[in-house]
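The next block holds one structure in the form of structure tokens; read it before the comments.
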């Protein structure tokens, strides 16, 4: 027989999940309503309203998909792309590459526009492919590349998509709730995210919105969507007030949690929330630079909720991360793919983005550094971070 | 600004979700570990061990898929069926029909073996198609048809699949945890279920197991699986102790809940749990027959966790169900598809399957019946149920 769950306390500063507010945990643990209960359907309406606000869109089709962020990515692709469709995919990390894979798995032709890991995809590179090639069904790219910490400009690509009549698919898994996402203003047609990053809700749902252009493209498909579970034409009949047709059983408890997490975002306010992410990230990066880490993206292209930094040669990746986890209860992320062993990915997302957490992590690193011999004098990292906070306080 | 979640109390006696034990809600609300935290990976191992026990299998591949039961169905089909594959699908309700749709959405050829809604698929009907037709990639059918309450014999079809070298896909969404499911003994190659039925865990995960034959079929695919999110070759690298490769972020809180729900099943014991479902269902059906309802399946083919009954002409489906929900806080299910308005589907699943709940529902129906004029003397339904319980107590 297994033991009771007896979990250690963790400070979650990796690339997600982030810390979850007690109010969200409490909402998630409420006894269940049925998925067709009128009161539950009302909660779904609340979620749709809050998601429209969060995505800055008037799209009627704004829902939470019953799967994690990757299910959101798959839903965007399998609903909009049909066999033979050509799709430009921006690739500068793991998640852009995953988008291309998904396009190919539904019979589309992925035209890869690549940039080095750690650099943005230049909108001009997309423009030049659009000029040279025939009609494109869509352009797909990642707003916040979680594998490199790069912050991709989206708006100029949105304008190109309108000019060339291509649908625009954007991954905001890591950015939504931590940095501006302007679905309508940027001309995004399909936008998906995840709950466990800057929304600080447990993983399991994918916030998702489709423009009317995208909904029309789905209506006009030549072939049925290859996924039934993620067929948005069917799923929308459950979320729509006029129909409420059973499709699959909604993940009720997760939707309670999401509603509460979105309320917390609303209570804080979007502008303040984004500024908080920016400030804590600036303080963290100042401290990390003082310790000899080197930001992977250019400083004006790095994300405010996820810092990807190269390790100084003196630091043993696995050993220090294990020490952080076991001695300090702090989780940070290692590198993916070609960056494995070379970088750390430190998330300050949602509830995890606080001054206390920045200082706690920097202090732990300094302690480990002194003990392991790769740091001789403590204090520089904390001092550098403190300077950022005090500048902000007096400005 | 939205209000706090302030939910009414519901007695969940529909076709799922069922009531959730407070221990499961409490486990789900524990603060999060990262999805690659060694302690979290240990919990995944616990879940795999308990799922093997629950499915009565030694299959190494026994996991929980990050989606609801329908995602489990899609995972079974998209991983095993390739374009051009012929698949026999047993259809006697909504969920068999859904299986056939999924087979077609991945380019397979669905050979429908149909039976009237409310009747089982005769194994002889499957045998005769296997004899007449060429080689079949698979046979797919539903163990517990949630739309009709029919209990499908599985073992004889499993033997046929072995004889004809076809993979055997079985839907145990509604049965697992409430009636025997013997994956190895019945020769099942892919078996999926859901958490919100007889396991009494919130919806959002699909328990899933693949035989070594099924795993080999996936390894030998001619084409990549059309779903990336549900690609079991990739997902298995996350669940396997040897690899633990990141695929998508696991729904951490839901997995806490499932682990606790499985512990509760283990503590009760499978034989006692199945007998409990049987007894409460017998009492319920005796009471419903006394009220003039007519079981849709034959009495020896009806499920112990879901009773589907035809309404007497005097009863107004929507009005009585609304009354049950608003006055008594009791949810039961209506009919699906051609049975809409004609039947009720009453679930006594997992935590919902208790003597108190049977009596509470029958009493509420008697009260409504007296008030609405379709019942003249109260007590017959309660008496009939009580007789079943007292027989069981003295036998």
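Protein chains in written order, with our numbering: chain P, 339 to 733; chain L, 339 to 733. Note that beta-carbon positions come from the ideal geometry of N, C-alpha and C, so glycine has one too.
Pairwise C-alpha distance: residue j and residue i
i, j, result
"residue 665(L)", "residue 348(L)", "11 Å"
"residue 419(L)", "residue 444(L)", "7 Å"
"residue 680(L)", "residue 587(P)", "22 Å"
"residue 731(P)", "residue 489(P)", "26 Å"
"residue 565(P)", "residue 442(P)", "14 Å"
"residue 371(L)", "residue 590(L)", "7 Å"
"residue 570(L)", "residue 525(L)", "20 Å"
"residue 634(P)", "residue 619(P)", "14 Å"
"residue 609(L)", "residue 532(L)", "20 Å"
"residue 457(P)", "residue 637(P)", "11 Å"
"residue 597(P)", "residue 509(P)", "21 Å"
"residue 504(P)", "residue 472(P)", "11 Å"
"residue 394(P)", "residue 601(P)", "15 Å"
"residue 360(L)", "residue 364(P)", "12 Å"
"residue 705(L)", "residue 716(L)", "7 Å"
"residue 373(P)", "residue 594(P)", "12 Å"
"residue 573(P)", "residue 440(P)", "20 Å"
"residue 398(L)", "residue 390(L)", "8 Å"
"residue 498(L)", "residue 487(L)", "24 Å"
"residue 611(L)", "residue 692(L)", "11 Å"
"residue 346(P)", "residue 535(L)", "31 Å"
Cross-chain neighbours of residue i in chain P, by beta carbon under 8 Å
i, result
"residue 369(L)", "345, 347, 348, 357, 358 and 363"
"residue 704(L)", "Near residue 704(L) there are no residues of chain P at all, since even the closest Cβ is about 23 Å away, more than 8 Å."
"residue 460(L)", "Here the premise fails: no neighbours, minimum Cβ distance about 27 Å."
"residue 598(L)", "343"
Rounded Cβ spacing between residue i and residue j (contact assumed at less than 8 Å)
i, j, result
"residue 645(P)", "residue 626(P)", "7 Å"
"residue 474(L)", "residue 424(L)", "5 Å"
"residue 544(P)", "residue 402(P)", "7 Å"
"residue 723(L)", "residue 700(L)", "6 Å"
"residue 315(P)", "residue 527(P)", "Absent from the structure is residue 315(P), since the part of chain P shown begins at 339 and ends at 733."
"residue 690(L)", "residue 351(L)", "6 Å"
"residue 437(P)", "residue 478(P)", "5 Å"
"residue 677(P)", "residue 512(P)", "So it is not a contact: roughly 16 Å between Cβ atoms."
Paired residues, beta bridge with residue i - DSSP
i, result
"residue 452(L)", "429(L)"
"residue 645(P)", "684(P)"
"residue 632(L)", "648(L)"
"residue 545(L)", "402(L)"
"residue 509(P)", "480(P) and 530(P)"
"residue 447(P)", "424(P)"
"residue 677(L)", "Answer is none; residue 677(L) lacks a bridge partner."
"residue 669(L)", "350(L)"
"residue 577(L)", "BP columns for residue 577(L) are empty, so no partner."
"residue 381(P)", "Residue 381(P) pairs with nothing; no bridge assigned."
"residue 640(P)", "488(P)"
"residue 514(P)", "517(P)"
Chain P contact residues for residue i, given Cβ-Cβ distances below 9 Å
i, result
"residue 481(L)", "None at all; the shortest Cβ gap to chain P is about 17 Å."
"residue 592(L)", "540, 541, 542, 589, 591 and 592"
Closer than 7 Å at the beta carbon, the chain L residues around residue i
i, result
"residue 352(P)", "372"
"residue 564(P)", "443, 444 and 564"
"residue 440(P)", "566"
"residue 749(P)", "Here chain P has residues from 339 to 733 only, and residue 749(P) is not among them."
"residue 534(P)", "587"
"residue 412(P)", "565, 566 and 567"
"residue 528(P)", "Those do not exist, as residue 528(P) stays about 16 Å from chain L at its closest Cβ, beyond 7 Å."
Neighbouring residues, chain P, relative to residue i (Cβ below 7 Å)
i, result
"residue 683(L)", "Simply none; closest approach about 12 Å."
"residue 366(L)", "366, 367 and 591"
"residue 406(L)", "404, 586, 587 and 589"
Amino acids of chain L, ordered along the chain, whose beta-carbon sits closer than 8 Å to that of residue i
i, result
"residue 377(P)", "345 and 346"
"residue 384(P)", "340"
"residue 601(P)", "339 and 340"
"residue 517(P)", "Those within 8 Å of residue 517(P) in chain L number zero; the least Cβ separation is about 19 Å."
Chain L residues whose Cβ lies nearer than 9 Å to that of residue i
i, result
"residue 673(P)", "Those do not exist, as residue 673(P) stays about 11 Å from chain L at its closest Cβ, beyond 9 Å."
"residue 669(P)", "371, 372, 374 and 375"
Any non-hydrogen atom of the ligand MG within 8 Å of residue i CB
i, result
"residue 369(L)", "Because no ligand of any kind appears in the structure shown, any question about the ligand MG cannot be addressed here."
Determine contact between the region 518-538 of chain P and the region 493-507 of chain P, defined as no fewer than three beta-carbon pairs at a distance below 8 Å. Touching, yes, given that three or more Cβ pairs across the two stretches are closer than 8 Å.
Check whether the region 425-442 of chain L and the region 450-465 of chain L are in contact - that is, three or more C-beta pairs closer than 8 Å. Enough Cβ pairs lie closer than 8 Å, so yes.
Between the region 668-688 of chain P and the region 355-362 of chain P, can you find at least three pairs of beta-carbon atoms closer than 8 Å? These segments touch.
Would the region 698-717 of chain P count as touching the region 653-662 of chain P if we require 3 or more Cβ pairs under 8 Å? Segments in contact, yes.
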